[in-house]
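Here's the structure we're looking at; comments come further down.
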Amino acid sequence: MKKLNGKIKHNIAVFISGRGSNLKSIINYSSKRRTLYRVKVVISNKQKAAGLLIAKKKGIKSYYIDLTKSKKLGNKVLNILNKNNIKLVCLAGFMKILPKYFIKLYKGKIINIHPSLLPKYKGLNTHKRVIENNEKYTGCTVHYVNNFLDSGKIIFQRKVKITQKDNKRSVEKKVLKIEHKIYPKTIDKVLSNL
Ligand code: GRF
Numbered sequence: 076m077k078k079l080n081g082k083i084k085h086n087i088a089v090f091i092s093g094r095g096s097n098l099k100s101i102i103n104y105s106s107k108r109r110t111l112y113r114v115k116v117v118i119s120n121k122q123k124a125a126g127l128l129i130a131k132k133k134g135i136k137s138y139y140i141d142l143t144k145s146k147k148l149g150n151k152v153l154n155i156l157n158k159n160n161i162k163l164v165c166l167a168g169f170m171k172i173l174p175k176y177f178i179k180l181y182k183g184k185i186i187n188i189h190p191s192l193l194p195k196y197k198g199l200n201t202h203k204r205v206i207e208n209n210e211k212y213t214g215c216t217v218h219y220v221n222n223f224l225d226s227g228k229i230i231f232q233r234k235v236k237i238t239q240k241d242n243k244r245s246v247e248k249k250v251l252k253i254e255h256k257i258y259p260k261t262i263d264k265v266l267s268n269l
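My numbering applies: residue 76 is where the sequence shown begins, and numbers increase by one.
Have a look at this one:
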């Protein structure tokens, strides 16, 4: 925790694997508004994740850690989180299943954003499946992370209407726009309840 502009801010970590557009929206939101948090570290399990560059440009400590190799690397992550006094871990396009011991250690302190109206369409290729099933609505969900894929308690979700003209790409665009709005705000809500 650190005092910024006279306000107490909690440190959060964002875990990514790729583009990092949610990461960007979280950083921008927290630097422009009166939020309860600031992004202290960014961890990517992919070396070439574009999100790492976003973090660097904003002067945020960022790490590439190949989590597939050994448990030692998991310990490296834990050390980073401890050292930086991280209160909440936010997964944003993080494409790796976290180990059980990690989830247990950070119980109630890891959240994720998923591009569907959970519990519908867990897992990958959500928009493709939504279109194939002729859904009238889709959306996105922020949820706690537990040991099962996209199955933790739902914190917040928002619906998006699908029209006749929509395809996989347009739906992805619409949903992503909403993700960028709801995730930064929901992080504040979660922190206010911790
Ligand atoms: C988002 O659609 C998010 O919901 C999903 O992966 C995508 C990540 O996009 N988990 P980005 O890396 O934040 O741009």
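Even for Gly, the Cβ is constructed at its ideal location relative to N, Cα and C.
My output table needs one value for residue i: the three-state DSSP class, helix, strand or coil.
i, result
"Thr213", "strand"
"Arg233", "strand"
"Ala136", "Checking the displayed sequence, the identity of residue 136 turns out to be Lys instead of Ala. Note: Lys136 maps to strand in three-state DSSP."
"Arg204", "helix"
"Ile101", "helix"
Using the Cα positions of residue i and residue j, report the straight-line distance between them to the nearest angstrom.
i, j, result
"Ser137", "Ile87", "12 Å"
"His189", "Lys158", "28 Å"
"Ile229", "Cys165", "14 Å"
"Asn160", "Ser92", "22 Å"
"Thr143", "Gly149", "9 Å"
"Lys243", "Leu224", "22 Å"
"Tyr258", "Gln239", "27 Å"
"Thr213", "Leu199", "14 Å"
"Lys132", "Gly126", "10 Å"
"Lys151", "Tyr139", "11 Å"
"Lys264", "Asn221", "19 Å"
"Lys260", "Val217", "10 Å"
"Cys215", "Ile186", "13 Å"
"Val205", "Lys171", "23 Å"
"Val116", "Ser226", "25 Å"
Using CA coordinates, which residue listed in the options is at the minimum distance from residue i?
i, options, result
"Val114", "Leu128, Arg108, Leu98", "Leu98"
"Leu163", "Ser226, Lys184, Ser267", "Lys184"
"Ile262", "Phe90, Ile118, Ile101", "Ile101"
"Ser119", "Ile257, Asp141, Gly149", "Asp141"
"Glu210", "Leu128, Ile178, Ser96, Thr201", "Thr201"
"Ser267", "Tyr219, Thr110, Phe177, Tyr139", "Thr110"
"Leu153", "Ser226, His218, Leu127, Phe177", "Phe177"
"Ile83", "Gly95, Ser96, Ile237, Ser105", "Ser105"
"Lys146", "Gly168, Phe169, Pro174, Lys179", "Pro174"
When you compare the region 229 to 240 with the region 251 to 259, are there three or more beta-carbon pairs, one atom per stretch, that lie closer than 8 Å? As far as the Cβ criterion goes, the region 229 to 240 touches the region 251 to 259, which means the pair count is three or higher.
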